[in-house]
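If you're matching them up, the sequences are chains U and B in order. For what it's worth, this note's numbering labels the leading residue of the first sequence as 344, then goes sequentially. For what it's worth, this note's numbering labels the leading residue of the second sequence as 52, then goes sequentially. What follows is one structure encoded as structure tokens, with my remarks underneath.
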Amino acid sequence: MKLETDMDLQQFERCLDRYGAELSRWPEPERAAGRRALESSAEARSLQAEAVRVARLLDEVETIEPTPLLLERLLEVPRRHPRTHAAPETRRTFSWWPFGGVFQPTLALAAAAALGILTGSLVTEGGFVTEGDPVVEGAWRGDGTELAAGYDAEDAGFTEEELEEMSEVAFALHLGDGWGALP
Amino acid sequence: MTGKSDALQDDAALMRRIADGDERAYEELVNLHARSILAFGFRLLGTQEEAEEVVQETFLRAWQHAERYEPTARVTTWLHTIARNVALDGLRKRKPRADLALVEAAPDSGRAGAQPGTFLERKRTALTVAEALEQLAPRQREAITLVHYQELSHGEAAEVLGVGVEAVESLLSRARRKLRELLGGVARNER
Numbered sequence: 344m345k346l347e348t349d350m351d352l353q354q355f356e357r358c359l360d361r362y363g364a365e366l367s368r369w370p371e372p373e374r375a376a377g378r379r380a381l382e383s384s385a386e387a388r389s390l391q392a393e394a395v396r397v398a399r400l401l402d403e404v405e406t407i408e409p410t411p412l413l414l415e416r417l418l419e420v421p422r423r424h425p426r427t428h429a430a431p432e433t434r435r436t437f438s439w440w441p442f443g444g445v446f447q448p449t450l451a452l453a454a455a456a457a458l459g460i461l462t463g464s465l466v467t468e469g470g471f472v473t474e475g476d477p478v479v480e481g482a483w484r485g486d487g488t489e490l491a492a493g494y495d496a497e498d499a500g501f502t503e504e505e506l507e508e509m510s511e512v513a514f515a516l517h518l519g520d521g522w523g524a525l526p
Numbered sequence: 052m053t054g055k056s057d058a059l060q061d062d063a064a065l066m067r068r069i070a071d072g073d074e075r076a077y078e079e080l081v082n083l084h085a086r087s088i089l090a091f092g093f094r095l096l097g098t099q100e101e102a103e104e105v106v107q108e109t110f111l112r113a114w115q116h117a118e119r120y121e122p123t124a125r126v127t128t129w130l131h132t133i134a135r136n137v138a139l140d141g142l143r144k145r146k147p148r149a150d151l152a153l154v155e156a157a158p159d160s161g162r163a164g165a166q167p168g169t170f171l172e173r174k175r176t177a178l179t180v181a182e183a184l185e186q187l188a189p190r191q192r193e194a195i196t197l198v199h200y201q202e203l204s205h206g207e208a209a210e211v212l213g214v215g216v217e218a219v220e221s222l223l224s225r226a227r228r229k230l231r232e233l234l235g236g237v238a239r240n241e242r
């Protein structure tokens, strides 16, 4: 149905699904058009009211609060696990060195040589021995093994059920491949 | 825009202090984010025990690897990303279970003053909603959790999920449609 605004009912509903029931969270152009739709259409108001009710229902699911014991454990972390990595800022300690321009490349060269020797010693027939924290690495890597099904496939004419199924399968494969593993 | 870049600078300063071994800065990080990360872990895994494991592991990693934080995203996004990776790791190792019991693990103590009828009614509604969330595809559930419950922006949720904003909005769209379909009747009864 065409509304007396620049946004039809279908577009209004799409925005509700995309950005939620609160118009304040919609991007600016859509927000203004959405407000006009609400002013002029009872159907638009009814769709929004339904979206608000569903959003409120979501808030009915209970959550948990940190217990004092959990907070205590969290705060004990620095004592139990002293940091072993030096922050990059500690290099400022050497700011008295007058040949900074020479010192740093020399250090880098020495580090590269050491790394080369270390790498050589770690190479086996099977490949490299890797170390590190895959979970933290994964936090920045934005692991490329993301679910592709659904994003492009929706436009390719798959049904909702097919998309859900693809999503489930992709998710299962995704976990099976070892989420967060180093590339 | 300035607000966001100020916030990023504050986050960067806090994480630099933690990287320098400042325990008070770490305490500040815990006070600011533990509640939210715990709730996120609970939404993803469904039990208090597992959620607590996620939050402990997340803060341990944040403490040990603070220098790896890059102020291109808010620290809350970084913590959510670590927590999600820890939770997915946990899910992979978890033995198969019949259900996630999202509501079972929730504490009841805060409800002591509620009328029994109202309380049971709310419990039932909470269970129905939890079941509806369970019926969403995992990625859709994650998107709803990050945006609706964790109140992350679409951009932040995209960072955590490692996808683009368009993809997050597509996930949210399908999740909300499905929830409307599943909870439409409940929503009308609640009126």
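Glycine included, each C-beta is placed from N, C-alpha and C at the ideal position. Every value quoted in this text rests on a predicted model; they were computed, and no experiment measured them.
Extent of the continuous alpha helix (DSSP H) run through residue i
{"i": "G377(U)", "result": "371-383"}
{"i": "E79(B)", "result": "74-96"}
{"i": "D71(B)", "result": "Element bounds for D71(B): n/a, residue is neither H nor E."}
{"i": "P411(U)", "result": "411-423"}
{"i": "E408(U)", "result": "No alpha helix (DSSP H) holds E408(U); DSSP gives it neither H nor E."}
{"i": "T123(B)", "result": "Note, T123(B): premise wrong, no alpha helix (DSSP H); not H, not E."}
{"i": "R112(B)", "result": "99-115"}
Below-8 angstroms beta-carbon distance, residue i vs any chain B residue
{"i": "E386(U)", "result": "no"}
{"i": "D351(U)", "result": "no"}
{"i": "R374(U)", "result": "no"}
Among the options, the one whose alpha carbon lies nearest that of residue i
{"i": "S367(U)", "options": "Q99(B), A208(B), S204(B)", "result": "S204(B)"}
{"i": "L184(B)", "options": "P409(U), D402(U), R374(U)", "result": "D402(U)"}
{"i": "E172(B)", "options": "Q354(U), V404(U), G459(U)", "result": "V404(U)"}
{"i": "R426(U)", "options": "S224(B), T98(B), H116(B)", "result": "H116(B)"}
{"i": "F91(B)", "options": "Q201(B), G215(B), Q186(B)", "result": "Q201(B)"}
{"i": "Y120(B)", "options": "E79(B), Q191(B), A70(B)", "result": "A70(B)"}
{"i": "R228(B)", "options": "L352(U), L413(U), D360(U)", "result": "D360(U)"}
{"i": "T132(B)", "options": "R231(B), L142(B), T109(B)", "result": "T109(B)"}
{"i": "G235(B)", "options": "T176(B), V219(B), A208(B), L212(B)", "result": "T176(B)"}
{"i": "E419(U)", "options": "L83(B), F170(B), L95(B), R75(B)", "result": "R75(B)"}
{"i": "E408(U)", "options": "D140(B), E182(B), L222(B), R94(B)", "result": "R94(B)"}
{"i": "V219(B)", "options": "L233(B), A181(B), R192(B)", "result": "R192(B)"}
{"i": "A194(B)", "options": "E210(B), V105(B), V106(B), W114(B)", "result": "E210(B)"}
{"i": "E182(B)", "options": "L222(B), F170(B), A134(B), V237(B)", "result": "V237(B)"}
{"i": "W129(B)", "options": "K174(B), E232(B), A208(B), L222(B)", "result": "A208(B)"}
{"i": "V106(B)", "options": "P122(B), T123(B), N136(B)", "result": "N136(B)"}
{"i": "A85(B)", "options": "T410(U), L458(U), R422(U), R423(U)", "result": "T410(U)"}
{"i": "G213(B)", "options": "A226(B), R225(B), L197(B)", "result": "L197(B)"}
{"i": "R231(B)", "options": "E382(U), P421(U), A364(U)", "result": "A364(U)"}
{"i": "G72(B)", "options": "L452(U), G463(U), L458(U), R422(U)", "result": "R422(U)"}
Residue i in three-state terms, based on DSSP
{"i": "M350(U)", "result": "coil"}
{"i": "A499(U)", "result": "In this predicted model, A499(U) has a pLDDT of only 42, less than 50, meaning its place in the structure is not dependable enough to derive any value."}
{"i": "L203(B)", "result": "coil"}
{"i": "A138(B)", "result": "helix"}
{"i": "L490(U)", "result": "Only weak support is given to the placement of L490(U): the predicted model assigns it a pLDDT of 33, under 50, and the value that follows is read from those uncertain coordinates. Of the three classes helix, strand and coil, the one that applies to L490(U) here is coil, per DSSP."}
{"i": "E210(B)", "result": "helix"}
{"i": "A188(B)", "result": "coil"}
{"i": "I36(B)", "result": "Missing from the structure shown is residue 36(B); chain B here goes from 52 to 242 and no further."}
{"i": "G235(B)", "result": "helix"}
{"i": "R484(U)", "result": "Below a pLDDT of 50, predicted positions are generally treated as unreliable, and R484(U), at 47, falls in that range; no measurement from the model is reported."}
{"i": "V258(B)", "result": "Chain B is shown only over 52 to 242; residue 258(B) falls outside these bounds and no answer can be derived."}
{"i": "D402(U)", "result": "coil"}
{"i": "A364(U)", "result": "coil"}
{"i": "R7(B)", "result": "In the structure displayed, chain B extends from 52 to 242; residue 7(B) sits before or after that span and is not available."}
{"i": "T427(U)", "result": "coil"}
{"i": "R145(B)", "result": "coil"}
Neighbour flag for residue i against chain U, beta carbons, 8 angstroms
{"i": "G72(B)", "result": "yes"}
{"i": "F110(B)", "result": "yes"}
{"i": "Q60(B)", "result": "no"}
{"i": "E100(B)", "result": "no"}
{"i": "E172(B)", "result": "no"}
{"i": "A194(B)", "result": "no"}
{"i": "A96(B)", "result": "First, the amino acid is wrong: residue 96(B) is Leu here, not Ala. Not an interface residue."}
{"i": "R228(B)", "result": "yes"}
Within chain U, partners of residue i - CB distance below 7 angstroms
{"i": "F93(B)", "result": "T406, I407"}
{"i": "A181(B)", "result": "V404"}
{"i": "E103(B)", "result": "L413"}
{"i": "E220(B)", "result": "R361"}
Beta-carbon neighbours of residue i, restricted to chain A and to distances below 9 angstroms
{"i": "H199(B)", "result": "The chain labelled as chain A is not found among the protein chains of the depicted structure, namely U and B."}
Chain U contact residues for residue i, given Cβ-Cβ distances below 8 angstroms
{"i": "T176(B)", "result": "L400, E403"}
{"i": "V106(B)", "result": "P409, L413, L417"}
{"i": "A90(B)", "result": "T406, I407"}
Cross-chain neighbours of residue i in chain B, by beta carbon under 7 angstroms
{"i": "P421(U)", "result": "E74, Y77, W114"}
{"i": "G418(U)", "result": "Reading off the sequence shown, one finds Leu at residue 418(U), where the question assumed Gly. In chain order: E78, V81."}
Listed by chain order, chain B residues near residue i by CB distance under 9 angstroms
{"i": "L414(U)", "result": "V81, N82, A85"}
Amino acids of chain U, ordered along the chain, whose beta-carbon sits closer than 9 angstroms to that of residue i
{"i": "L184(B)", "result": "L401, V404"}
{"i": "L271(B)", "result": "Nothing can be reported for residue 271(B): it is not among the residues displayed for chain B, which extend from 52 to 242."}
Chain-ordered neighbours of residue i on chain B, where CB pairs are closer than 8 angstroms
{"i": "R378(U)", "result": "Chain B residues near R378(U): none, gap ~20 angstroms exceeds 8 angstroms."}
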